[in-house]
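Trainee:
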Amino acid sequence: MDDTTSKLAFDTDWQYDPAPESTDHVRVDDQYELFIGGEFVAPKEGRYFDSINPANEQVLARIASAGKDDVDRAVKAARKAYETSWSKLKPAERGKYIYRIARVIQERAREFSVIESLDGGKPIRESRDIDIPLAAAHFFYYAGWADKLEYAFPGKQVAALGVAGQIIPWNFPLLMAAWKIAPALACGNTVVLKPAETTPLTALKLAEVIRDAGLPPGVVNIVTGAGDTGAALVDHPDIDKIAFTGSTAVGRLIQNSQAGTSTIYTLELGGKAANIVFDDAAIDQAVEGIVNGIFFNQGHVCCAGSRLLVQESVADEVVQKLKDRMETLIVGDPLDKNTDIGAINSAAQLEKIESYLQLGQDEGGEMYQASGSVPERGYWCRPTLFTGVSQSNRVVQEEIFGPVLAVQTFRTEQEGLDKANNTPYGLSGGVWTDKGAKIFRIAQGLRAGVIWANTFNKFDPASPFGGYKESGVGHEGGLHGLDAYVSLA
Amino acid sequence: MSTPASTLRSPLPRLDLVSRVDQTGVEERVARFCKRSIKKESKVMALKLALSMIDLTTLEGQDTPGKVRQLCQKAIHLHDSMPGLPHVAAVCVYPIMVGVARKALEDQGLAGEIKVASVATAFPSGMSPLNIKLEETKIAIAEGADEIDMVISRGSFLRGDYGYVFDEIAAVRDACGDAHLKVILETGELGTLDCVKRASVLAMHAGADFIKTSTGKIQPAATMPVTLVMLQAIRDYYYETGRQVGMKPAGGISRAKLGIQYLVMLRETLGQAWMTPEWFRFGASSLANDLIMQLKKQQTGVYQSADYFSRD
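Protein chains in written order, with the working numbering: chain A, 6 to 494; chain B, 256 to 567.
(1) How far does the beta strand (DSSP E) with A:K277 in it extend, from its first residue to its last?
(2) For A:D488, which of A:L154, A:A218, A:E317 and A:T204 has the nearest alpha-carbon?
(3) When the Cα atoms are used, what is the spatial distance from B:P268 to B:T447?
(4) Leaving out the 5 sequence neighbours to the left and right, which residues in its chain are closer than 7 Å to A:A107 when beta-carbon positions are compared?
(5) Could you say if the region 386 to 393 of chain B and the region 418 to 435 of chain B meet the contact criterion of at least three C-beta pairs nearer than 8 Å?
(6) Using beta carbons (cut-off 9 Å, strictly below), is B:E523 in contact with chain A?
(7) Tell me the start and end of each unbroken alpha helix (DSSP H) in the region 265 to 322 of chain B that is at least 4 residues and wholly inside, in chain order.
(8) Nearest CA to the CA of B:I369: which residue from B:A377, B:K358 and B:R275?
(9) Beta-carbon of B:Q554 versus every beta-carbon of chain A: anything under 9 Å?
(10) Please report the straight-line C-alpha distance between A:M6 and A:K326, rounded to a whole angstrom.
(11) Report the three-state DSSP secondary structure of B:R510 (helix, strand or coil).
(12) Whole beta strand (DSSP E) runs in the region 426 to 502 of chain B with 3 or more residues, listed along the chain?
(13) What are the boundary residues of the beta strand (DSSP E) that includes A:I456?
(14) Applying a beta-carbon distance threshold of less than 7 Å, which residues of chain A neighbour B:K294?
(15) For B:M530, which residues in chain A fall below 8 Å Cβ to Cβ?
(16) Does B:G526 get closer than 9 Å to chain A when you measure Cβ to Cβ?
(17) To the nearest whole angstrom, what separates the beta carbons of B:S307 and B:V343, a pair I think is in contact under 8 Å?
(18) Which residues in chain A have a C-beta closer than 9 Å to the C-beta of B:A301? List them in chain order.
(19) Can you tell which of A:H305, A:S376, A:L274 and A:F15 has its C-alpha closest to the C-alpha of A:V409?
(20) What's the call for A:K95, buried or exposed, on a 16-neighbour Cβ count within 10 Å?
(21) Could you please give me the residues that DSSP links to A:M372 through a beta bridge?
(22) Is it buried or exposed, B:L272, if we count other Cβ atoms within 10 angstroms and call 16 or more buried?
(23) Between A:R52 and chain B, is there a C-beta pair that is closer than 9 Å?
(24) Using a Cβ-Cβ distance cut-off of 9 Å, determine whether A:I106 contacts chain B.
(25) Helix, strand or coil for B:V557? Go by DSSP, reduced to three states.
(26) Does chain B have any CB closer than 9 Å to the CB of A:R115?
(27) Hey, A:A187 and A:K246: beta-carbon distance below 9 Å or not?
(28) To be precise: take each residue of the region 275 to 304 of chain A, compare its Cβ to all Cβ atoms of chain B, and keep it if any distance is under 9 Å. Which residues remain?
(29) If we define contact as Cβ-Cβ less than 9 Å, is B:T279 a contact residue for chain A?
(30) Specify the secondary structure class of B:D404 as computed by DSSP and reduced to three states.
(31) Under 7 Å Cβ-Cβ, which residues of chain A neighbour B:Q487?
(32) Just to check my reading of the structure: B:M530 and B:L542 have Cβ atoms closer than 8 Å, yes? What is that Cβ distance to the nearest angstrom?
(33) For B:S383, return the contacting residues in chain D, with the cut-off set at a CB-CB distance below 8 Å.
(34) Pull out every residue of the region 298 to 328 of chain B whose Cβ sits closer than 9 Å to any Cβ of chain A, in chain order.
(35) At a CB distance below 7 Å, what residues from the region 451 to 463 of chain B approach chain A? Give them in sequence order.
(36) Residues in the same chain with beta-carbon distance under 8 Å from A:R452, minus the five sequence neighbours each way, listed in chain order, please.
Encoded structure:
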């Protein structure tokens, strides 16, 4: 690997022509209202904001901004639905409604995929193959639990909590809505959901699905808006449960505001996961896993493997192969079926990522970026890695939430583990080795909620997801995800 | 007139130290290649490139001189009603047909341009003594073969007798002289991707100019996961030694779509330097017609009946 004269050239004569997914079948209205009590209603104060396509900076739609009164109206609708219809329904009937939502998402998967890519900038390959199928899978999974809760909690009396206020991020808009809504409904709660302001469209499409599926009015309410809408929801006195996914900073605010109240909350926050590659790993597959770990969804993933810890004897080889692989990643039009890395979600996020790129270099790190082209308009960031950085570099410590990987080496297993755990976060981690016993040892030693072995960023509705330390409180997914929406006696 | 084979060769490396292969990971990577959407001009270019990389093959007990001449005719004139088609890279035959093929190509002035490849070394099983294998190789070359496709002794390899396999390849390499040596691993008999990788490393260190998946006589023949592991082994060897080794998946690639998926895999694993018939071949017989059919479809927008394309 030290022969630097050998070099592979990936800028080949044969290139892939654009292969854009058609948008003909998609309807995006000019303006969207709030979904409260089973119908779309205008915001009381009449304020709207634009949702932008980050790939071309064009306005996709005007979106209603919910004020305090609107949130109050939504919570009241949810309370009324909880008391008059949803909690009275037989559990099997609840399940039927949730199955219906799952089926309609499947039927309209292509439409949802395209809108998700338009609104959020993620490559169609991911929205088509991961986001939308997984969202449907979550509804299917929790629909099955609706009438089996006493088997989930044997020997306990299971009751719903009431009204859940749910706030979701912009990185997996529909999928996060599914993670939140499906278990809440299955357990008999009603919901007020606030999507992220940069990516509200698929949640509003989901509102259409929920309306068309005939759910009783008010069981699911969707209020769009920015941080103040979220704050109004969190601070509303008639909420029984808060579920939040987003930044650790906002999570901390929520935790503060809930102190001394009886509201139950779960927080799914940031991460700075270590992907640990040992010298006995299958190196080429590990490289692929590193790529999937950090460049999946432009790195806008709370459980992204944003720190690579590689054993020193294979470090040069891994970095070399990683650079080769990065050359073949296609950055560009999210709707192109060949795109690997889409648009950065917003101008603000791009600015944040770019400030970290500058910071990483100022700190003395060596930055490497793939050489491929990026479009002129829109928000883009080439896949990037930093070498020559250590635990005290901020690009190693802080969550960048972009396609930026910090590479460090380690000599002994203990050193690798120490570095991996030396972080305020603890959401996920990865281990790459051919030795089964080592996998178990590292998984035991890593203080993180989700550990992948010889793979990364794999999700399944049956699998719980949650973090240690500043990565959050509570779990979502699987049986654990039910626990967050019931009271047991 | 022989190439100093020793310059191609390096000592047998410790195959137990070759890094492992994770089959699940390989299959996931292959699935990514297959998701590339190749349309319009890039599809036309890929179809033509694939045509130019074909080793048009007939390896049957019932082969006749007439059939081999017919194959050579096809190799030169793939579909003359469509101008702008390349010719294939080589014809691949048994040793006793080498002379026939050579003459057929010479008669049209294309000997050397279209290569004559001959299988040798007791193809397909390899179950003969080394002296017979060397003799067969020399005869094929004397008859005019430009390229030799040898098989490895899978029994010895699986037994762990790597030294024997290494020496055998090295001896055949010496016997080849100027002719290019393709080493068939017969991956369908090797069992695991770890073995495929080790056999690739062994063959390259022993002097192989090309490594090739299969004889076509064993199922499974070429698969994308096996080919990916071999391509990655070629890349590692290139980084280690600076020497470029070619790749030939053979057997089971009969559809244009699959052929294009192989090219995507080649492009994203080894890049530009390998995207030529000099460094990548398809061992196939029916692939050519499907590629031509697809090209015709790109021109006309409709598929024609198979009867409009010569079967040879």
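C-beta: ideal position from N, C-alpha, C; glycine also. Since the model is a prediction, treat every value here as computed from it, not as a measurement.
Mentor: Answer, in terms of the structure:
(1) Neither: A:K277 is in no beta strand (DSSP E) and is coded neither H nor E.
(2) The option with the nearest alpha carbon to A:D488 is A:L154.
(3) CA-CA distance, B:P268 to B:T447, rounds to 19 Å.
(4) The residues are A141, F144, F145 and A148.
(5) Yes: the two stretches touch, three or more of their Cβ pairs being nearer than 8 Å.
(6) Yes - at least one Cβ of chain A is within 9 Å of the one on B:E523.
(7) Taking only runs of at least 4 residues, the alpha helix (DSSP H) segments lying wholly in the region 265 to 322 of chain B are 278 to 290 and 295 to 307.
(8) It is B:K358.
(9) Not an interface residue.
(10) Residue confidence is low: A:M6 scores 44 on pLDDT, short of 50, so the model does not pin down where it sits. Its coordinate-derived value is still stated next. Near 10 Å, if we compare the C-alpha coordinates of A:K326 and A:M6.
(11) B:R510 carries a coil assignment under DSSP once its states are collapsed to helix, strand and coil.
(12) Counting only runs of 3 or more, we get 435 to 439 and 465 to 467.
(13) Unbroken beta strand (DSSP E) run through A:I456: V455 to A458.
(14) Going along chain A in sequence order, the residues near B:K294 (Cβ under 7 Å) are D22 and A24.
(15) Annotation: Cβ neighbours of B:M530 in chain A (cutoff 8 Å, chain order): T17, D18 and W19.
(16) For B:G526, the nearest CB of chain A lies under 9 Å from its own CB, placing it at the interface with that chain.
(17) 7 Å between Cβ atoms; contact.
(18) Neighbours of B:A301 on chain A, chain order: W19.
(19) When the alpha-carbon of A:V409 is set against those of A:H305, A:S376, A:L274 and A:F15, the nearest one is in A:H305.
(20) Exposed is the call here.
(21) As computed with DSSP, A:M372 is found in a beta bridge with A:F391.
(22) Its Cβ having fewer than 16 others within 10 Å, B:L272 is exposed.
(23) Answer no: the Cβ-Cβ gap between A:R52 and chain B never drops below 9 Å.
(24) Cβ-Cβ to chain B under 9 Å: no for A:I106.
(25) If DSSP states are grouped into helix, strand and coil, B:V557 belongs with coil.
(26) Not closer than 9 Å to any Cβ of chain B, the Cβ of A:R115 fails to qualify, so no.
(27) The criterion of a C-beta distance shorter than 9 Å is not satisfied by A:A187 and A:K246.
(28) D284, D285, A286, A287, I288, D289, Q290, A291, E293, G294 and N297: these are the residues of the region 275 to 304 of chain A whose beta carbon lies less than 9 Å from some beta carbon of chain B, given in chain order.
(29) A Cβ of chain A is located within less than 9 Å of the beta carbon of B:T279.
(30) B:D404 falls in the strand class under three-state DSSP.
(31) B:Q487 reaches chain A at D289, counting residues in chain order whose Cβ is nearer than 7 Å.
(32) For B:M530 against B:L542, the beta-carbon gap comes to about 17 Å, at or over 8 Å, which does not count as contact.
(33) Going by chain labels, chain D is absent from the structure shown, which instead holds the protein chains A and B.
(34) Correct list: K298, M300, A301 and L304.
(35) Against chain A - using a Cβ distance shorter than 7 Å - the region 451 to 463 of chain B contributes no residues.
(36) Closer than 8 Å at Cβ, skipping near neighbours: N426, G431, Y473 and K474.
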